[in-house]
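S.K.:
Residue numbers (the numbering used here): 1 to 179.
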């Protein structure tokens, strides 16, 4: 017989294989607690996000919703796979109280949020109605001079009044009180 030839022979077709990666944004910190600070004094913390994907993560924006919490800086804005970026935040409350906010982060992998919290403590501020007490006494005389103490701050002020033990000619009410 006649040999049978295959109708179709193998043909080489060039193929270009492109693998498309995908970044994945992950918050390492699930809550950023600034603790207790004195009102009018700043406190700083750093929040970490990680790219757990297999392509570059591009941070496109970061911010907060209240003036007490602000994003100071971001290092870096382009995050390779397996690497981290850090957001430096400032908590700067002016009045006593407990504050809550959210860090919003936008990226090419979507948006994430990290809750923020902090407490601002008040500060007492002593105020006297006189800067000094002045009096003249003759031998065996006594005098009573008023001195008003007040608290112009926004936290309790405890006042303890004492006289040095070596000053035996002066006495005051040594009571303790809170304003």
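Glycine included, C-beta positions come from ideal geometry on N, C-alpha and C.
As the structure is a prediction and not an experimental result, all values here were calculated from the model.
1) Would the beta-carbon of residue 72 fall within 8 Å of that of residue 90?
2) Name the one or two DSSP bridge partners that residue 118 has.
3) Residue range of the beta strand (DSSP E) that residue 73 falls in?
4) Would you mind working out which of 118, 154, 24 sits nearest residue 59, comparing C-alpha positions?
5) Going by beta carbon distance, what residues of the same chain come within less than 6 Å of residue 172, once the five residues before and after it are set aside?
6) Taking its Cβ as the centre, do 16 or more other Cβ atoms sit within 10 Å of residue 101, making it buried, or is it exposed?
7) Assuming residue 96 and residue 116 form a contact by the criterion Cβ under 8 Å, report the distance between their Cβ atoms to the nearest whole angstrom.
8) Around the Cβ of residue 34, are there at least 16 other Cβ atoms within 10 angstroms (buried) or fewer (exposed)?
9) Compute the beta-carbon to beta-carbon distance between residue 133 and residue 147, rounded to the nearest angstrom, for a pair I have assumed lies under 8 Å.
10) Excluding sequence positions up to five away, which residues of its chain have a Cβ less than 8 Å from the Cβ of residue 135?
11) Note down, in chain order, each residue of its chain lying with its Cβ closer than 7 Å to the Cβ of residue 57, except the 5 sequence neighbours on either side.
12) Return the first residue and the last residue of the beta strand (DSSP E) that residue 36 is part of.
13) Taking the alpha-carbon positions, what's the residue 129 to residue 44 distance?
M.R.: Quick look at the numbers:
1) yes
2) 99
3) 69-75
4) 24
5) 161, 163
6) buried
7) Contact doesn't hold; Cβ gap of about 18 Å is too wide.
8) buried
9) 6 Å
10) 143, 145
11) 23, 25, 51, 79, 107, 108, 109
12) 32-38
13) 38 Å
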